[in-house]
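> Residues in the sequence shown are numbered consecutively from 1, following the UniProt record's numbering.
Virtual Cβ for every residue (Gly too), placed ideally from N, Cα, C.
Following this message is one structure expressed as structure tokens.
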Amino acid sequence: MTASGAVDEVGIFIGANRQAHVFDYKDNLVAYGAYTTVALWNPFSIDKKGVYRTLVKHTKEVTCVRFIPGTDLLVSAGEDGEINVWKKSGDTYNLIQTLVEEDVSITCISVFDEHYFVTGNTRGEVTVYKIEDTRISLAYRYKVKFNFFALTLCLQKIDTAYLLLIGGTGTSLFVYTFTPTEGPKLQASVPGHEDWIKALAIAKDGEDYLLASGAQDRYIRLWRLKLNDNIDNSDEDENKLVLLTNKQHKFGIGENKAALSFDALIMGHDDWVSGLQWHPSCSSQSSQRKLQLLSSTADTALMIWEMDEDSGIWVCSSRLGEMSIKGASTATGSSGGFWSCLWIYNEKASEQLILANGKTGAIRAYRSTDEENKVWSSVLGVTGPIKEVNDAVWSRDGSFLFATSLDQTTRLYAPWVKHRSQASEQEVTWHEFARPQIHGYDMICLDHISQTKFVSGGDEKVLRVFEMTQSISDLLHKFCDVTLKSSEFESLPEAAALPVLGLSNKAANEQLEAGEAQQREEDYEENQAEGNSSKADPLADLEGPPLEDHLQRHTLFPEIEKLYGHGYEISCCATSPSGRLIASACRSNNAKHAVVRVFDVNADYKLSEQSLDGHSLTITSLEFSQDGTYLVAVSRDRQLSLWRVSDEEKAEIELVKFQEKAHSRIVWDCSWAPTCDYGSFFVTASRDKSIKLWKANDNGAELLTTSKTTEPVTSVACLQSSLVGNRLLVAAGQESGTICIYAADLNSKNPTFVQALTFDKSLLPASKVCKLSFSKKVVDKKALLAVASSDTSARIYTISLDRLH
Numbered sequence: 001m002t003a004s005g006a007v008d009e010v011g012i013f014i015g016a017n018r019q020a021h022v023f024d025y026k027d028n029l030v031a032y033g034a035y036t037t038v039a040l041w042n043p044f045s046i047d048k049k050g051v052y053r054t055l056v057k058h059t060k061e062v063t064c065v066r067f068i069p070g071t072d073l074l075v076s077a078g079e080d081g082e083i084n085v086w087k088k089s090g091d092t093y094n095l096i097q098t099l100v101e102e103d104v105s106i107t108c109i110s111v112f113d114e115h116y117f118v119t120g121n122t123r124g125e126v127t128v129y130k131i132e133d134t135r136i137s138l139a140y141r142y143k144v145k146f147n148f149f150a151l152t153l154c155l156q157k158i159d160t161a162y163l164l165l166i167g168g169t170g171t172s173l174f175v176y177t178f179t180p181t182e183g184p185k186l187q188a189s190v191p192g193h194e195d196w197i198k199a200l201a202i203a204k205d206g207e208d209y210l211l212a213s214g215a216q217d218r219y220i221r222l223w224r225l226k227l228n229d230n231i232d233n234s235d236e237d238e239n240k241l242v243l244l245t246n247k248q249h250k251f252g253i254g255e256n257k258a259a260l261s262f263d264a265l266i267m268g269h270d271d272w273v274s275g276l277q278w279h280p281s282c283s284s285q286s287s288q289r290k291l292q293l294l295s296s297t298a299d300t301a302l303m304i305w306e307m308d309e310d311s312g313i314w315v316c317s318s319r320l321g322e323m324s325i326k327g328a329s330t331a332t333g334s335s336g337g338f339w340s341c342l343w344i345y346n347e348k349a350s351e352q353l354i355l356a357n358g359k360t361g362a363i364r365a366y367r368s369t370d371e372e373n374k375v376w377s378s379v380l381g382v383t384g385p386i387k388e389v390n391d392a393v394w395s396r397d398g399s400f401l402f403a404t405s406l407d408q409t410t411r412l413y414a415p416w417v418k419h420r421s422q423a424s425e426q427e428v429t430w431h432e433f434a435r436p437q438i439h440g441y442d443m444i445c446l447d448h449i450s451q452t453k454f455v456s457g458g459d460e461k462v463l464r465v466f467e468m469t470q471s472i473s474d475l476l477h478k479f480c481d482v483t484l485k486s487s488e489f490e491s492l493p494e495a496a497a498l499p500v501l502g503l504s505n506k507a508a509n510e511q512l513e514a515g516e517a518q519q520r521e522e523d524y525e526e527n528q529a530e531g532n533s534s535k536a537d538p539l540a541d542l543e544g545p546p547l548e549d550h551l552q553r554h555t556l557f558p559e560i561e562k563l564y565g566h567g568y569e570i571s572c573c574a575t576s577p578s579g580r581l582i583a584s585a586c587r588s589n590n591a592k593h594a595v596v597r598v599f600d601v602n603a604d605y606k607l608s609e610q611s612l613d614g615h616s617l618t619i620t621s622l623e624f625s626q627d628g629t630y631l632v633a634v635s636r637d638r639q640l641s642l643w644r645v646s647d648e649e650k651a652e653i654e655l656v657k658f659q660e661k662a663h664s665r666i667v668w669d670c671s672w673a674p675t676c677d678y679g680s681f682f683v684t685a686s687r688d689k690s691i692k693l694w695k696a697n698d699n700g701a702e703l704l705t706t707s708k709t710t711e712p713v714t715s716v717a718c719l720q721s722s723l724v725g726n727r728l729l730v731a732a733g734q735e736s737g738t739i740c741i742y743a744a745d746l747n748s749k750n751p752t753f754v755q756a757l758t759f760d761k762s763l764l765p766a767s768k769v770c771k772l773s774f775s776k777k778v779v780d781k782k783a784l785l786a787v788a789s790s791d792t793s794a795r796i797y798t799i800s801l802d803r804l805h
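Given below as structure tokens:
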């Protein structure tokens, strides 16, 4: 049963795909491809909420997103060959049509008006689609030439005819024209670039058109398109020498005559040109604004180019982005830099934004209110993982959240608490406040040792322990109303050390591009030498959540310990409520390695001589009971094992009982109920499409009730704060992304699960729920639920407990 208004999605963190045509803007709304979903974000919103909705339909990565001008339509295309058409409905979009190009991936898209849009695919085909009201239909499909694949398209309407420019896996630019009654016709093949053409953009320049093309040869070439009487026919003189620089390619566009010729060469980038866009006003037919061109490249630069009035040379008027990192380029295998750019203008607010997406999934934003576009400042954009999120764990007091992902990062999310004029009123939005771990291995699991320390396991045999820095603690206190205990705060390191040749932090920097670690070290030493606290701590002067540049460079937690003992890659870990014991397990296909190993934090993280064995396959989940009395382990071998912590100071744990055939399929997860007067209870979830409630006692685990579900259950979490009435609340996440809340009366002699709430489809992640986690904090009868999903998102929901059935 869906309880209206019971669930609110307060935070969605999902990174943008590394694609060249992945985002677009219209009416204060940015839509971008985020793995298999389309994410919606208002960059001009006052509350700075970030992504507020994801549109689910694609089954593979989204590669192209475009709004259709003059309509309420949004088009998305992906590696699944699907072209999905969405229609605006309130502040979101609903799917109205799906077109499929079989066995291909859509690589690029271009749209000019409400009549046509064009796509390119990996079969080398270019497809023209016709738009009639809200229905899309195939108009034309053709191939440019053998073994050529379109990487960028540019569509422009001239009178009643359309000009289509195509760049791709070749050095020539292909010019096509078509009309509503006549199919595409190749008019010219224009040489000039020395490598693949990646970006195209066209603008009106007086009575002419100016086309910009960017390529992997690092150059931007400008081409002038003249029409009718403006065409220079002097090249028809047979005695005049024709060079590449002055050759005109003449053709017809409908009833117009046209000539395309080389106009200027822009040099200045050090790596592939990935994106081009003229100033937004340049698309207007009547614009008198001076032409300005934005370019993004793989050298981490965003540049604004304009023509110098005196010399006629195109020069860079503004440079944004990052300084190019030593040794990092596409030639050395780097995937850094920017993949695309977007220049947007808000007329009401008289402000402009430049957006760019990079390798970390973040969309960086730069703001200007200057008419000349000379002064730009970095502002809050969007951040999020770009691969499957495996684990999510709340801090000890439930005030902030950690999440780990296969994109080799651990991220810290916290609420930005903005106090209004009245002291009692607060505005809360969730943001990424730190990136404690940037690793060289895919991240699998983590848990908290204390409010300032956590242990994490990656796709390696080692567990690593990290400690918060003072600067991050200050940041959380300043913006999130999080105050650490004085004893914890006084012992925190000032900042994360980044030694170039040291071993202590090597794993945390393995993913850095060549030379970046050294650059960070030099920056840090230089700031320390200044003796200025604001310079030594780059986070001290922030007026809000840290930007992507801060997150990458200044929010790393120092690694304080490595824990050895496992023979294979870590699969799960858990810490005791006191934070003294760390239990962990690794992947295994035999009983020898399917064991739980225990580390004693107070004894310098010493590995206990006792290993908790008995399982025969990988242990998938571990969890200590809230009172620290029990530890439960569930496994791929369909069993669960219950252990009693007999002496925590000596790290002694004894087996209570193995529950054979606890489920009929793999047991994916387990979660303990809060401590109560009725006993110790826990819940397990399995691929056999069921969740089970167990009661732990000295004789083992007693099965109380089973609830069948419609599909495999991949994660469960019990509300940890307390029972609601006598009811235990359990969240269950399923393989398709479905999330349900179940309730069970623990005071009953025969407790049963009752479905209290099903999340609305529009709020759900697009695929498997990897981990659910309830915060201990309940504010105004609202519980916080964190969801880690394989759709690359980390999400935070509030659940109104008084509206549950």
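Measure the alpha-carbon distance for residue 705 versus residue 595 and round it to whole angstroms.
By one-based count along the sequence shown, residue 705 stands at place 705. By one-based count along the sequence shown, residue 595 stands at place 595. Cα to Cα, the separation comes out at about 28 Å.
> Roughly how many whole angstroms lie between the Cα atoms of residue 709 and residue 647?
Stepping through the sequence shown from its first residue, residue 709 is reached at position 709. Stepping through the sequence shown from its first residue, residue 647 is reached at position 647. Going from the Cα of residue 709 to the Cα of residue 647 covers about 39 Å.
> So residue 563 packs on residue 438, CB below 8 Å; how close in whole Å?
The residue you call residue 563 lines up with position 563 of the sequence shown. The residue you call residue 438 lines up with position 438 of the sequence shown. About 19 Å separates the two Cβ atoms, so there is no contact after all.
> Strictly by DSSP, which residues pair up with residue 451?
Locating residue 451 in the sequence shown gives position 451, counting from the first residue. Bridge partners of residue 451: none, in fact.
> Tell me which residues share the same chain as residue 702 and place their Cβ nearer than 6 Å to its Cβ, disregarding the 5 neighbours each side in the sequence.
The count along the sequence shown starts at 1 and reaches residue 702 at position 702. Hits under 6 Å: 695.
> Going by C-alpha to C-alpha distance, which of 231, 232, 230 and 197 sits closest to residue 222?
The residue you call residue 222 lines up with position 222 of the sequence shown. Checked all of 231, 232, 230 and 197; the closest Cα to residue 222 is 197.
> Tell me the DSSP bridge mates of residue 734?
Locating residue 734 in the sequence shown gives position 734, where the first residue counts as 1. BP columns for residue 734 point to 713.
> State yes or no: is the C-beta of residue 576 within less than 8 Å of the C-beta of residue 628?
As a position in the sequence shown, residue 576 is number 576, starting the count at 1. As a position in the sequence shown, residue 628 is number 628, starting the count at 1. Yes, the pair counts as a contact, with Cβ atoms nearer than the cut-off.
> Specify the secondary structure class of residue 130 as computed by DSSP and reduced to three states.
The sequence position of residue 130 within the sequence shown is 130, counting from 1. Strand.
> Could you tell me whether the stretch 307 to 314 touches the stretch 350 to 357, where touching means 3 or more Cβ pairs closer than 8 Å?
Not touching, per the Cβ criterion.
> On the three-state DSSP scale, how would you describe residue 806?
Because the chain in this structure spans residues 1 to 805, residue 806 falls outside the shown range and cannot be described.
> Between the beta-carbon of residue 116 and the beta-carbon of residue 106, is there less than 8 Å?
In the sequence shown, counting from the first residue as 1, residue 116 sits at position 116. In the sequence shown, counting from the first residue as 1, residue 106 sits at position 106. Not in contact: residue 116 and residue 106 (Cβ atoms no closer than 8 Å).
> Compare the C-alpha of residue 319 against each of 312, 378 and 386 and name the closest.
For the purposes of this step, residue 319 is taken as residue 319 along the sequence shown, with counting starting at 1. Selected option, being the one with the closest Cα: 378.
> Can you say whether residue 688 is buried or exposed, counting buried as having 16 or more other CB atoms within 10 angstroms of its CB?
Residue numbering aside, residue 688 sits at position 688 when the sequence shown is read from its first letter. With 16 or more Cβ atoms within 10 Å of its Cβ, residue 688 is classed as buried.
> Would you kindly work out how many angstroms separate the C-alpha atoms of residue 507 and residue 440, rounded to a whole number?
By 1-based counting over the sequence shown, the position of residue 507 is 507. By 1-based counting over the sequence shown, the position of residue 440 is 440. Residue placement at residue 507 cannot be trusted, given a pLDDT of 34 that sits under 50; the coordinates are not used to answer.
> Return the residue from the list 606, 397 and 233 that minimises the CA-CA distance to residue 484.
Here the question's residue 484 lines up with position 484 in the sequence shown. With distances taken between Cα atoms, residue 484 lies closest to 397.
> Is the beta carbon of residue 449 sitting closer than 8 Å to the one on residue 465?
Position 449 of the sequence shown, counted from the start, is the residue given in the question as residue 449. Position 465 of the sequence shown, counted from the start, is the residue given in the question as residue 465. Yes, these two residues count as a Cβ contact at 8 Å.
> Residue 447 and residue 282 look like a contact to me (Cβ under 8 Å); what is the Cβ gap, rounded to whole Å?
In the sequence shown, the residue the question calls residue 447 occupies position 447. In the sequence shown, the residue the question calls residue 282 occupies position 282. The Cβ separation is near 53 Å, so there is no contact.
> Return the first residue and the last residue of the alpha helix (DSSP H) that residue 470 is part of.
Taking the sequence shown and counting its residues from 1, the one referred to as residue 470 is at position 470. Run containing residue 470: 470 to 480, per the alpha helix (DSSP H) assignment.
> Could you spell out where the alpha helix (DSSP H) holding residue 553 opens and where it closes?
Here residue 553 refers to the residue found at position 553 when the sequence shown is read from its first residue. 548 to 554 is the span of the alpha helix (DSSP H), which, as asked, contains residue 553.
> Please list, in chain order, all residues of the same chain as residue 788 whose beta carbon is under 7 Å from its beta carbon, the five residues on each side excluded.
The count along the sequence shown starts at 1 and reaches residue 788 at position 788. Once the five neighbours on either side are set aside, the close Cβ partners of residue 788 are 389, 390, 391, 392, 403, 770, 771 and 794.
> In the DSSP assignment, what residue or residues form a beta bridge with residue 199?
By 1-based counting over the sequence shown, the position of residue 199 is 199. BP columns for residue 199 point to 214.
> Quick one: is residue 295 near chain D, going by C-beta distance under 8 Å?
Looking at the structure shown, chain D is missing, and only one protein chain is on hand.
> Evaluate contact between the stretch 597 to 612 and the stretch 468 to 478, counting only Cβ atoms and requiring at least three cross-stretch pairs below 8 Å.
Short answer: they don't touch.
> If we ignore side chains and look at the alpha-carbon of each, how far apart do residue 505 and residue 495 end up?
Here residue 505 corresponds to residue number 505 of the sequence shown, with the count starting at 1. Here residue 495 corresponds to residue number 495 of the sequence shown, with the count starting at 1. Unreliable positioning characterises residue 505 in this predicted model, as indicated by a pLDDT of 44, which lies under 50. The coordinate reading is nonetheless provided below. Cα-Cα distance, rounded: 13 Å.
> Using only the alpha-carbon positions, how far apart do residue 712 and residue 547 sit?
Residue 712 sits at position 712 when you count from the first residue of the sequence shown. Residue 547 sits at position 547 when you count from the first residue of the sequence shown. Cα to Cα, the separation comes out at about 38 Å.
> Rounding to the nearest angstrom, what Cα-Cα distance links residue 376 and residue 317 in this structure?
The count along the sequence shown starts at 1 and reaches residue 376 at position 376. The count along the sequence shown starts at 1 and reaches residue 317 at position 317. Their backbone Cα atoms lie some 11 Å apart in a straight line.
> Taking the alpha-carbon of residue 20 as reference, which of 118, 68 and 151 has the nearest alpha-carbon?
As a first step, residue 20 must be located in the sequence shown, where it is residue number 20. That would be 151, whose Cα lies nearest to the Cα of residue 20.
> How is the beta strand (DSSP E) around residue 676 delimited, first residue to last?
Translated into the one-based positions of the sequence shown, residue 676 becomes position 676. Element bounds for residue 676: n/a, residue is neither H nor E.
> Work out the CA separation of residue 53 and residue 270 for me, nearest whole Å.
By 1-based counting over the sequence shown, the position of residue 270 is 270. By 1-based counting over the sequence shown, the position of residue 53 is 53. Residue 270 and residue 53: Cα-Cα distance of roughly 37 Å.
> Between residue 571 and residue 619, what straight-line distance do the alpha-carbon atoms span, to the nearest angstrom?
Sequence index remark: in the sequence shown, residue 571 carries index 571 (1-based). Sequence index remark: in the sequence shown, residue 619 carries index 619 (1-based). Computed Cα separation, rounded: 7 Å.
> Can you name the residues that DSSP bridges to residue 741?
Walking along the sequence shown from the start, residue 741 turns up at place 741. Residue 741 is bridged to 731 and 757.
> What is the DSSP secondary structure of residue 514, reduced to helix, strand or coil?
Taking the first residue of the sequence shown as 1, we reach residue 514 at position 514. Residue placement at residue 514 is flagged as unreliable, the pLDDT there being 42, under the threshold of 50; the coordinate-derived value follows with that caveat. Note: residue 514 maps to coil in three-state DSSP.
> Are the beta-carbon atoms belonging to residue 61 and residue 81 less than 8 Å from one another?
The sequence position of residue 61 within the sequence shown is 61, counting from 1. The sequence position of residue 81 within the sequence shown is 81, counting from 1. The answer is no: Cβ separation not under 8 Å.
> When burial is assigned at 16 or more other CB atoms within 10 Å of the CB, is residue 17 buried or exposed?
For the purposes of this step, residue 17 is taken as the residue at position 17 of the sequence shown. Its Cβ being crowded by 16 or more others within 10 Å, residue 17 is buried.
> Suppose you measure from the CA of residue 520 to the CA of residue 537; what does that come to, to the nearest Å?
Taking the sequence shown and counting its residues from 1, one reaches residue 520 at position 520. Taking the sequence shown and counting its residues from 1, one reaches residue 537 at position 537. Any reading at residue 520 must be qualified, since the residue scores a pLDDT of 49, below 50, and its modelled position is unreliable; the value itself is stated next. Using only the alpha carbons, I get a separation of about 13 Å.
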